[in-house]
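Engineer: One structure is given below, represented as structure tokens, and several questions about it will come after.
Number of protein chains: 2
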Amino acid sequence: MIRVLLAEDQTMVRQALASLLDLEDDLEVVAQVERGDEVLAAALSSKPDVALLDIEMPGQDGIAAAAELARELPRCRILILTTFGRPGYLRRAMESGASGFLLKDAPARDLAVAIRRTAGGERVVDPQLAAQALSEGKGPLTWREREVLSASNLGSGIGEMADRLHLSEGTVRNHLSSAIQKLEARNRFDAARIAEQKGWL
Amino acid sequence: MIRVLLAEDQTMVRQALASLLDLEDDLEVVAQVERGDEVLAAALSSKPDVALLDIEMPGQDGIAAAAELARELPRCRILILTTFGRPGYLRRAMESGASGFLLKDAPARDLAVAIRRTAGGERVVDPQLAAQALSEGKGPLTWREREVLSASNLGSGIGEMADRLHLSEGTVRNHLSSAIQKLEARNRFDAARIAEQKGWL
DNA sequence: AATAACCCATGACTTTTGTCATCCCGGTCT
DNA sequence: AGACCGGGATGACAAAAGTCATGGGTTATT
Numbered sequence: 175m176i177r178v179l180l181a182e183d184q185t186m187v188r189q190a191l192a193s194l195l196d197l198e199d200d201l202e203v204v205a206q207v208e209r210g211d212e213v214l215a216a217a218l219s220s221k222p223d224v225a226l227l228d229i230e231m232p233g234q235d236g237i238a239a240a241a242e243l244a245r246e247l248p249r250c251r252i253l254i255l256t257t258f259g260r261p262g263y264l265r266r267a268m269e270s271g272a273s274g275f276l277l278k279d280a281p282a283r284d285l286a287v288a289i290r291r292t293a294g295g296e297r298v299v300d301p302q303l304a305a306q307a308l309s310e311g312k313g314p315l316t317w318r319e320r321e322v323l324s325a326s327n328l329g330s331g332i333g334e335m336a337d338r339l340h341l342s343e344g345t346v347r348n349h350l351s352s353a354i355q356k357l358e359a360r361n362r363f364d365a366a367r368i369a370e371q372k373g374w375l
Numbered sequence: 175m176i177r178v179l180l181a182e183d184q185t186m187v188r189q190a191l192a193s194l195l196d197l198e199d200d201l202e203v204v205a206q207v208e209r210g211d212e213v214l215a216a217a218l219s220s221k222p223d224v225a226l227l228d229i230e231m232p233g234q235d236g237i238a239a240a241a242e243l244a245r246e247l248p249r250c251r252i253l254i255l256t257t258f259g260r261p262g263y264l265r266r267a268m269e270s271g272a273s274g275f276l277l278k279d280a281p282a283r284d285l286a287v288a289i290r291r292t293a294g295g296e297r298v299v300d301p302q303l304a305a306q307a308l309s310e311g312k313g314p315l316t317w318r319e320r321e322v323l324s325a326s327n328l329g330s331g332i333g334e335m336a337d338r339l340h341l342s343e344g345t346v347r348n349h350l351s352s353a354i355q356k357l358e359a360r361n362r363f364d365a366a367r368i369a370e371q372k373g374w375l
């Protein structure tokens, strides 16, 4: 029997997936959590063979949870199941120790297959997505540029961003300007949109 | 037997929900579609008793699909199943002829219950959400204000928005300024964010 | 030791945006 | 008829945002 931990914030989706997996004879859902920061504790007590993690979750995202899990419970394989096929997500997931990456757009029967292969030590990634991730690279943005873009995404003005990041207003504008040019955007919001869409945020 | 049409763009979620519903003796999933603009055709040929519609879908959103359906096939009840409990969504869904409104955050067993009640002619809405929708009203924005906010949400500058809407730049700025003040936002992007989050976009 | 990134900061400058007052027009409500 | 609202427009002005040159600091890489 393959023991599975299921982390997904939408209750209905989580339970539907659980019932789907329970139809398989060789799979057993041993834990369900709805927050990223509950993954580790649940995994420590339920000892799953595979952790199936959504990315967008409250508390902590699935990639951060994967990193925790890979460090504290290296015997547990990690399979990311997410809505968005952003190359940056895939890259970061793999860097955080995930073994597989599956989209919610994939057919349901792929899920059980992917879990079995992940449990067997294989890496399961959509080849097309992998190619795209490799070709796009890590993205042109530096750490600070990503930070200011994320902050500007909340609608605040440059002054507030400077306060929050303990920077001068001029510096914030410089980072923003640089990011805008790298992304060939029209303004910082456009830049934030582009970066987020590419998974570079 | 209650015949159910299932419209949801994420294949895995759709199939998982379908398998969940198939466990119920009195429910039968007679059609599945993954785009909003496929709902009507599928409904006409499969004659469902209840259409279970997601809102965020390619082609056409679930609310528009609900309006079509209510007009062309009034005997089919409509149940909206969505991620976001935005009051504006609920309001627009009900105005479009939906009979029920359910969140993906709700427990999975509520789904079958809601379908049965909807099929029986009841209106199924989370009471808390309904209260919030009533208290917030339709939102303070006018048609044009919503239009400019949606356009600005794409990152374009005022000039491009003016072109697209065939307006003067000054007029666009006036509408934006007015929307910003009504929403107590700091700039147009903040305003767009607020309006979208409230479901007023 | 030199080079190259990245980070932080200023100051000066241009462009974009937001605000306000003031028009005009066409509906609608009283 | 008059008041009101939404839409459209203009011009003027102030504030915010973006660009550019420049300088100093750190840390890797060569």
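Those sequence lines, one after another, are chains A and B. Quick note on the working numbering: the first sequence kicks off at 175 and runs consecutively. Quick note on the working numbering: the second sequence kicks off at 175 and runs consecutively. The beta carbon of each residue, even a glycine, is placed where N, CA and C say it ideally should be.
Roughly how many angstroms separate the alpha carbons of B/L308 and B/Q234, rounded to a whole number?
Structural biologist: Locating residue 308 of chain B in the second sequence gives position 134, where the first residue counts as 1. Locating residue 234 of chain B in the second sequence gives position 60, where the first residue counts as 1. One C-alpha to the other measures close to 26 Å.
Engineer: Give the DSSP bridge partners of A/I376, in chain order.
Structural biologist: Here chain A has residues from 175 to 375 only, and residue 376 of chain A is not among them.
Engineer: Using a C-beta cutoff of 8 Å, does B/G331 count as contacting chain A?
Structural biologist: Stepping through the second sequence from its first residue, residue 331 of chain B is reached at position 157. By this cut-off, B/G331 is an interface position.
Engineer: Using the beta-carbon count (16 or more within 10 Å), is B/G274 buried or exposed?
Structural biologist: In the second sequence, the residue the question calls residue 274 of chain B occupies position 100. Burial call: buried.
Engineer: Tell me, please, which residues DSSP counts as bridged to B/G274.
Structural biologist: Residue numbering aside, residue 274 of chain B sits at position 100 when the second sequence is read from its first letter. DSSP lists B/L253 and B/V298 as partners of B/G274.
Engineer: So which residues on chain A does B/L191 lean against when the C-beta distance must stay under 9 Å?
Structural biologist: Reading the second sequence from its first residue, position 17 is the one you call residue 191 of chain B. Per Cβ cutoff of 9 Å: M186, V187 and A190.
Engineer: Within this structure, are the beta carbons of B/A359 and A/G329 separated by less than 8 Å?
Structural biologist: Indexing the second sequence from 1 puts residue 359 of chain B at position 185. Indexing the first sequence from 1 puts residue 329 of chain A at position 155. Yes, they are a contact pair.
Engineer: Would you say A/L197 faces chain B, with C-beta separation under 8 Å as the test?
Structural biologist: Working through the first sequence from its first residue, we reach residue 197 of chain A at position 23. True, the Cβ-Cβ gap to chain B drops below 8 Å.
Engineer: Go ahead and label A/S270 buried or exposed: buried means 16 or more other beta carbons lie within 10 angstroms of its beta carbon, across all protein chains shown.
Structural biologist: As a position in the first sequence, residue 270 of chain A is number 96, starting the count at 1. Classification for A/S270: buried.
Engineer: How far does the alpha helix (DSSP H) with B/L339 in it reach, from first residue to last?
Structural biologist: For the purposes of this step, residue 339 of chain B is taken as residue 165 along the second sequence, with counting starting at 1. First-last of the alpha helix (DSSP H) with B/L339: I332 to L339.
Engineer: Do you know how far the Cα of B/A272 is from the Cα of A/R320?
Structural biologist: To locate residue 320 of chain A, count along the first sequence from 1; it is residue 146. To locate residue 272 of chain B, count along the second sequence from 1; it is residue 98. Each residue's Cα considered, the two are about 42 Å apart.
Engineer: B/I229: which of B/V207, B/D223, B/P248 and B/S220 sits nearest, CA to CA?
Structural biologist: For this step, residue 229 of chain B is matched to residue 55 along the second sequence. Measuring from the Cα of B/I229, the nearest candidate turns out to be B/V207.
Engineer: Give a yes or no on whether 8 Å exceeds the smallest Cβ distance from B/L285 to chain A.
Structural biologist: Position 111 of the second sequence, counted from the first residue, corresponds to residue 285 of chain B. Yes, because at least one Cβ of chain A sits closer than 8 Å to the Cβ of B/L285.
Engineer: Is it buried or exposed, B/M186, if we count other Cβ atoms within 10 angstroms and call 16 or more buried?
Structural biologist: What you label residue 186 of chain B is simply residue 12 of the second sequence in a count that begins at 1. Buried is the call here.
Engineer: So is B/R297 buried or exposed if we call it buried at 16+ other beta carbons inside 10 Å?
Structural biologist: Here residue 297 of chain B refers to the residue found at position 123 when the second sequence is read from its first residue. Exposed, since its Cβ has fewer than 16 Cβ neighbours within 10 Å.
Engineer: Taking the CB atoms as reference points, tell me whether B/L227 and B/V204 lie closer together than 8 Å.
Structural biologist: As a position in the second sequence, residue 227 of chain B is number 53, starting the count at 1. As a position in the second sequence, residue 204 of chain B is number 30, starting the count at 1. No, Cβ-Cβ distance for B/L227 and B/V204 is not below 8 Å.
Engineer: Taking the straight line between their C-alpha atoms, what separation do you get for A/Q371 and A/G313?
Structural biologist: By 1-based counting over the first sequence, the position of residue 371 of chain A is 197. By 1-based counting over the first sequence, the position of residue 313 of chain A is 139. Cα to Cα, A/Q371 sits roughly 12 Å from A/G313.
Engineer: Pop quiz: A/A177 and A/P222 are said to be a contact at Cβ under 8 Å. What is the actual Cβ separation, rounded to whole angstroms?
Structural biologist: Sequence index remark: in the first sequence, residue 177 of chain A carries index 3 (1-based). Sequence index remark: in the first sequence, residue 222 of chain A carries index 48 (1-based). The residue asked about is misnamed: residue 177 of chain A is Arg in this sequence, not Ala. With a Cβ gap of about 5 Å, A/R177 and A/P222 count as contacting.
Engineer: For B/Q184, name the three-state secondary structure that DSSP assigns.
Structural biologist: In the second sequence, the residue the question calls residue 184 of chain B occupies position 10. Coil.
Engineer: Per the DSSP calculation, A/V224 is bridged to which residue(s)?
Structural biologist: For this step, residue 224 of chain A is matched to residue 50 along the first sequence. Looking at the DSSP assignment, A/V224 forms a beta bridge with A/V178 and A/R251.
Engineer: Using the Cα positions of A/R188 and B/A336, report the straight-line distance between them to the nearest angstrom.
Structural biologist: Within the first sequence, the letter at position 14 stands for residue 188 of chain A. Within the second sequence, the letter at position 162 stands for residue 336 of chain B. One C-alpha to the other measures close to 44 Å.
Engineer: Can A/A267 and A/I237 be called in contact, C-beta distance under 8 Å?
Structural biologist: For the purposes of this step, residue 267 of chain A is taken as residue 93 along the first sequence, with counting starting at 1. For the purposes of this step, residue 237 of chain A is taken as residue 63 along the first sequence, with counting starting at 1. Contact flag set, yes.
Engineer: Counting only C-beta atoms, is A/K356 closer than 8 Å to chain B at any point?
Structural biologist: Residue 356 of chain A sits at position 182 when you count from the first residue of the first sequence. No - not a single Cβ of chain B is within 8 Å of the one on A/K356.
Engineer: Output yes or no for whether 8 Å exceeds the beta carbon distance between A/A366 and B/A190.
Structural biologist: Walking along the first sequence from the start, residue 366 of chain A turns up at place 192. Walking along the second sequence from the start, residue 190 of chain B turns up at place 16. Their beta carbons are not under 8 Å apart, which means A/A366 does not touch B/A190 by this criterion.
Engineer: Between the Cα of A/A286 and the Cα atoms of A/L375, A/W374 and A/D199, which residue gives the shortest distance?
Structural biologist: Reading the first sequence from its first residue, position 112 is the one you call residue 286 of chain A. Closest by alpha carbon: A/D199.
Engineer: If you check the beta carbons only, do A/S161 and B/S326 fall under 8 Å apart?
Structural biologist: This structure leaves residue 161 of chain A out entirely; chain A is present only between 175 and 375.
Engineer: Which residues in the same chain as A/K278 place their Cβ atom closer than 7 Å to its Cβ, once the five residues preceding and following it in sequence are excluded?
Structural biologist: On the first sequence, residue 278 of chain A is found 104 positions in, with the first residue counted as 1. Answer for A/K278: L255, T256 and T257, listed in chain order.
Engineer: For B/I201, which residues from the same chain have a beta carbon less than 7 Å from its beta carbon, with the 5 sequence-adjacent residues on both sides left out?
Structural biologist: For this step, residue 201 of chain B is matched to residue 27 along the second sequence. According to the sequence displayed, residue 201 of chain B carries Leu and not Ile. Closer than 7 Å at Cβ, skipping near neighbours: I176, V178, L195, A286 and I289.
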